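Accompanying notes for the structure given below.
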Amino acid sequence: MRTARAQATLWSVVGVLGVAALWELYKAIAPDDGVTVGTVTVLPRTTDIAMPHIWDMVTRLFEPVTRAAGADVLWWAVLQAAAFSLGIAVLGWVLGVVSGMLLALLMQRWITAESAVLPWVVLSQTVPLIAIAPLVKRWGTAIHLGPFQWENWMSVAVIASYLAFFPVAVSALRGLKSPPQADTDLFHAYAAGWWTTLVRLRLPASVPYLMPALKLAAANAVVGTVVAEVSIGLGGGIGRMIIEFAATASGDPAKTWAPILGAVLIGLLSAGLVALLGRGLGRFRRGEVPA
Amino acid sequence: MAFMATRGARAAAFTAAALGALTLTGCSADEAEPAASGASGDTGSEAPAELTAVSVQLQWLTQAQFACYYAAADQGYYEDAGLDVTIIPGAVDIVPIDVLTSGGADFAVSWVPKVLGAIEQGAAVTDVAQIFERSGTMQVAFADSGITSAADLAGKSVGSWGYGNEWELIAGMQASGVTLEDLEGGSTVQQAFDMNAFIAGDIDAAQAMTYNEYAQVLETVNPETGELYTADDLVVIDWNDEGTAMLQDAIWADSERLASDEAYAETTTAFIKGTIEGCLYAKDEPEAAADIVTAAGSTLGTSHQLWMTNEVNKLIFPSTSGVGHINEDQWDATVAMALETVNPEGATIISADPPEAAYSNEYVDAALAELAEEGVDTMGADFAPIEVTLNEGGE
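So the protein sequences, as listed, match chains A and B.
Note that our numbering has the first sequence beginning at 1, numbered continuously upward.
Note that our numbering has the second sequence beginning at 292, numbered continuously upward.
The structure is reproduced here in structure tokens:
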């Protein structure tokens, strides 16, 4: 067991180093102007502006963000921004999972609801994020409930949940409907009600369907958070940092990669969190079903 | 769990409502949104009760382009004018005028040609102070590209950010007899927020603001020399020289509130007054003003920030008729170009003259008069820009 875990750790390190090695190898052997077919660039440029050296990116992380007095060192600033975005993404994920599950339950319970709601669920994902983001912000700001004040970060969380609920709703519905007729008939014969059937049969049966959906939802929530930050202008997170650092894309190219590393970090962390959740549900999993 | 379930149900209801409304209204990226207070980068909290709370929506992120506002907030000019000002930074999908008209902010900062289009679409807003007298937009090319004027752009790959930032470029080309079809690829190339495509040679002539993207090029190492690019490596087409400059950063107010709400009209004058004092501070103390903007949350490098402050000062000073006063000839020229400049879809920015209420010197002149009474010079005739040395990466 211990050796298996050590091996897994070893391979993940090899994986990371492998990507870094590939990056440097491509940079070393490919021409500066990339590879073009006709006028279309099929492989990227390898100049220091387009692809800074890995070691330059790492060194840059240990220098301050700017030379201004009191400026944080870059890795710390990126880490803070990543934590900020991750917090919103987690909230968006939770909102998305809860609303996705509720929609799935609704659709499972009443066949009419499925016919009425499912097309909307699918349609919702064809609306571009840049269209809903300003709308969510506008509607949110119109909410006034006593001392409650709608904040920008809430809009971002709602937008993230908008992307996250879809895979959950669709997969959970499939999962809830997955028990074979014989099983539901048995529950019926025992005079078990809808609730008992749900808790004892349908929910456990939906877990293999749900796990991949939860991972997808986590990835969607992270993307939604970063994009929404850029779109509606929420400061403090990775999305804003990417836009801000674009100003140094040619003068200090290594700096622009720092928030991208931060985004990767959030992605890994959120995938890890969902994997942890999966461990808790381990006894219901007899192999996952792709979403 | 009960808590989560209610939240979830609310979210579900919200999602469903969002779906319905979106399908009914269609989806437009230009939809407006009100700005939430408490956005990061806000300034001016914990004000005494007697101060009037106002908010201003900027058109881009916190940077020295808006040094006037940040300096005014930091130096207490707004407070002296009886205001507690919240400065709301912009973002990619934020349209300042939409924020203003939907009540998300009391004032908005935006370029005139962009707003003229919005006014024709029904936005009731008034240019109450023309903070930038000159245009900061240019088209930059490398010295060896053979491009020296707008006429040379024919057959070249020409970059632009679009979204209303392209009007001076198109007007300038039109004046030189170059149409969009004459460009390589038959239109302008969509330019990103960085100058990489220009430096890599994908774009022959890139759009650049004197205070931002032009400096980004000068902060980049020229691989041929190992030194930073210099102004000698570049040629610029300056729309001020070509005669197609349009008015840029202006303060916009809600026309209906100006007419009906006396307190708002007074606030407008006070806000303009504080802003002008902020501009004067940035003129006299560019280093301090740059540091104020950085402290307000900008992550631009120190030399880049100072360069931006200095270049923005050049767009304001020396002032022809006092900072913020809208010069009729410049306004008319911008309107005339807006009527004639044809965009890629074949339409002009506006099809008829804007209403009288589109601009008003009433409030800025009142502010200038108050400042004159206090013995403040708002012309800056003696203005001399400083020399800023850009470092690699703007550091």
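We put the beta carbon where it would ideally sit given N, CA and C, even for glycine.
Quick caveat, the model's predicted, so the values are computed rather than measured.
Residue from the options whose Cα sits closest to the Cα of residue i
i: A:Ile-130; options: A:Trp-23, A:Ser-206 and A:Val-223; result: A:Val-223
i: B:Ala-442; options: B:Tyr-368, B:Gln-430 and B:Glu-664; result: B:Gln-430
i: A:Gly-272; options: A:Phe-284, A:Val-170 and A:Leu-214; result: A:Leu-214
i: B:Ala-550; options: B:Tyr-654, B:Phe-484 and B:Gly-476; result: B:Tyr-654
i: A:Thr-225; options: A:Ser-270, A:Pro-208, A:Thr-256 and A:Trp-194; result: A:Ser-270
i: A:Gly-236; options: A:Gly-87, A:Arg-67 and A:Thr-9; result: A:Gly-87
i: A:Leu-234; options: A:Phe-84, A:Leu-95 and A:Asp-48; result: A:Phe-84
i: A:Arg-45; options: B:Asp-389, B:Gly-492, B:Ala-414 and B:Asp-623; result: B:Gly-492
i: B:Lys-574; options: B:Ala-586, B:Ser-346 and B:Val-603; result: B:Val-603
i: A:Leu-261; options: A:Gly-239, A:Gly-280, A:Arg-279 and A:Tyr-26; result: A:Gly-239
i: B:Ala-252; options: B:Tyr-360, B:Asp-623, B:Pro-609 and B:Phe-608; result: For residue 252 of chain B there is no data in the structure shown, the boundaries of chain B being 292 and 686.
i: B:Ala-496; options: B:Thr-479, B:Ala-506, B:Asn-503 and B:Ala-536; result: B:Thr-479
i: B:Asn-531; options: B:Glu-661, B:Thr-625 and B:Leu-407; result: B:Thr-625
i: B:Ser-436; options: B:Gly-517, B:Gly-637, B:Val-526 and B:Ile-583; result: B:Val-526
i: A:Trp-23; options: A:Phe-166, A:Val-230 and A:Leu-43; result: A:Leu-43
i: B:Ala-382; options: B:Trp-351, B:Val-419 and B:Leu-407; result: B:Trp-351
i: A:Asn-152; options: A:Leu-163, A:Ser-161, A:Val-136 and A:Val-94; result: A:Val-136
i: B:Asp-582; options: A:Gly-278, A:Arg-67 and A:Gly-34; result: A:Arg-67
i: B:Ala-649; options: B:Lys-405, B:Ala-358, B:Gly-394 and B:Ile-378; result: B:Lys-405
i: A:Val-230; options: A:Ala-191, A:Ala-275, A:Ala-20 and A:Ala-133; result: A:Ala-133
Any non-hydrogen atom of the ligand MN within 6 Å of residue i CB
i: A:Ala-271; result: No copy of the ligand MN appears in this structure; indeed no ligand is present at all.
Classification of residue i by the beta-carbon crowding that lies within 10 angstroms, buried from 16 upward
i: B:Glu-568; result: buried
i: B:Glu-341; result: exposed
i: B:Asn-513; result: exposed
i: B:Leu-315; result: Here the model assigns B:Leu-315 a pLDDT of 39, short of 50, so the residue's position is not dependable and the matter cannot be decided.
i: A:Val-37; result: exposed
i: A:Trp-110; result: exposed
i: B:Glu-686; result: buried
i: A:His-144; result: exposed
i: A:Pro-147; result: exposed
i: B:Ile-617; result: buried
i: B:Trp-543; result: buried
i: A:Phe-62; result: exposed
i: A:Leu-268; result: exposed
i: B:Asp-485; result: buried
i: A:Trp-11; result: exposed
i: A:Gln-7; result: exposed
i: A:Gly-280; result: exposed
i: B:Gly-468; result: exposed
i: A:Arg-5; result: exposed
i: A:Ser-250; result: buried
i: A:Gln-374; result: Given a span of 1 to 291 for chain A in the structure shown, any question on residue 374 of chain A remains unanswerable.
i: B:His-595; result: buried
i: A:Thr-9; result: exposed
i: B:Pro-577; result: buried
Inter-residue CB distance, residue i and residue j (contact presumed, cutoff 8 Å)
i: B:Leu-651; j: B:Thr-343; result: It is Ser, not Leu, that sits at residue 651 of chain B in the sequence shown. Not quite, the Cβ-Cβ distance comes to about 20 Å (not below 8 Å), so this is no contact.
i: B:Leu-606; j: B:Arg-425; result: 5 Å
i: B:Val-403; j: B:Leu-349; result: Not a contact, Cβ separation roughly 16 Å.
i: A:Ser-155; j: A:Gly-140; result: 5 Å
i: B:Ile-494; j: B:Ser-448; result: 5 Å
i: B:Glu-510; j: B:Glu-665; result: Incorrect: roughly 40 Å between the Cβ atoms, too far for contact.
i: A:Ile-232; j: B:Ile-385; result: 7 Å
i: B:Gln-412; j: B:Met-599; result: In fact, because the Cβ distance is near 31 Å, the residues do not count as touching under 8 Å.
i: A:Pro-253; j: A:Pro-52; result: 5 Å
i: A:Ile-266; j: A:Ala-77; result: That belief does not hold up - the Cβ atoms of A:Ile-266 and A:Ala-77 are roughly 15 Å apart, past 8 Å.
i: B:Leu-571; j: B:Val-667; result: 7 Å
i: B:Thr-632; j: B:Ile-461; result: 5 Å
Residues bridged to residue i (per DSSP)
i: B:Ser-451; result: B:Gln-481
i: B:Ile-542; result: B:Val-400 and B:Ala-420
i: B:Ile-379; result: B:Gln-348
i: A:Leu-43; result: A:Val-35
i: B:Thr-639; result: B:Val-633
i: B:Met-500; result: B:Thr-428
i: A:Val-73; result: A:Pro-64
i: B:Val-512; result: B:Leu-519
i: A:Phe-148; result: A:Leu-145
i: B:Thr-343; result: B:Leu-374
i: B:Leu-525; result: B:Phe-433
i: B:Gly-615; result: B:Gln-421
i: B:Tyr-650; result: B:Asp-418
Contact set between residue i and chain D, taken where Cβ atoms lie within less than 8 Å
i: B:Glu-686; result: Annotation note: the requested chain D is absent from the structure, which comprises protein chains A and B.
Segments of 4+ residues assigned as alpha helix (DSSP H) that fall wholly inside the region 392-439 of chain B: 403-411
- Message: Give the list of continuous alpha helix (DSSP H) stretches no shorter than 4 residues that lie fully inside the region 163-239 of chain A.
- Response: 181-189, 194-197 and 203-232
Worksheet entry | Secondary structure, alpha helix (DSSP H): runs of 4+ residues fully inside the region 550-601 of chain B | 553-575 and 577-586
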